[in-house]
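**Student:** Residue numbers (the working numbering): 267 to 436. For each residue, glycine too, the CB sits at the ideal point set by N, CA and C. Computed from a prediction, not measured in an experiment: that's the story for all the values here.
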């Protein structure tokens, strides 16, 4: 069976998985944005927290060193897995990047929203792909959709998320 015929045969399954995964990524990003507002408010209400930024940075670095595994590859790991889908993206990437970004913002550090959203999207997409046993040919489709969902959700621009995913991959 040709690749196109195989894709057309699997299209309903992929569409259902993309919808499920995108809803999960959107919910995770909504939680991220809400949490970011909370920690930013705490940081502005407690300016002395800025003095603890080095300790927060060391805690996040230790957490990644101890439990991160491949997760420290960040966005580059997701792009590598889209082009060469061998191992997928670790599930632990989503909570690690979420926690790391929130700690960074809590103590006054600088961390962008897009990297966190893209990594959460890729991690959740990979977890869905593993759960539903997608093969190496189908995984990149879900990963690109996860990247698009994360980017689109965090900025409220779904079309821009799709364009971003295609632009970054190509």
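Looking only at its chain, what residues have a beta carbon closer than 7 Å to the beta carbon of residue 341, apart from the 5 residues adjacent to it on each side?
**Tutor:** Counting only Cβ-Cβ distances below 7 Å, and skipping sequence neighbours, we find 381, 384, 385.
**Student:** Would residue 404 be called buried (16 or more neighbouring beta carbons within 10 Å of its own) or exposed?
**Tutor:** Buried, by the Cβ-count rule.
**Student:** On the premise that residue 345 lies in contact with residue 434, defined as a C-beta separation below 8 Å, what is that separation, rounded to the nearest angstrom?
**Tutor:** Contact holds; Cβ gap of about 7 Å.
**Student:** Go ahead and label residue 430 buried or exposed: buried means 16 or more other beta carbons lie within 10 angstroms of its beta carbon, across all protein chains shown.
**Tutor:** With 16 or more other Cβ atoms within 10 Å, it is buried.
**Student:** For the region 288–304 against the region 363–373, are there 3 or more C-beta pairs whose distance is under 8 Å?
**Tutor:** Contact between the region 288–304 and the region 363–373 is present, because at least three Cβ pairs lie under 8 Å.
**Student:** Does the Cβ of residue 334 have 16 or more other Cβ atoms within 10 Å, making it buried, or fewer, making it exposed?
**Tutor:** Classification for residue 334: buried.
**Student:** Would you kindly check if the distance between the Cβ of residue 287 and the Cβ of residue 411 is under 8 Å?
**Tutor:** Yes.
**Student:** With distance defined between alpha-carbon atoms, name the residue in 387, 391, 307, 418 nearest to residue 373.
**Tutor:** Selected option, being the one with the closest Cα: 307.
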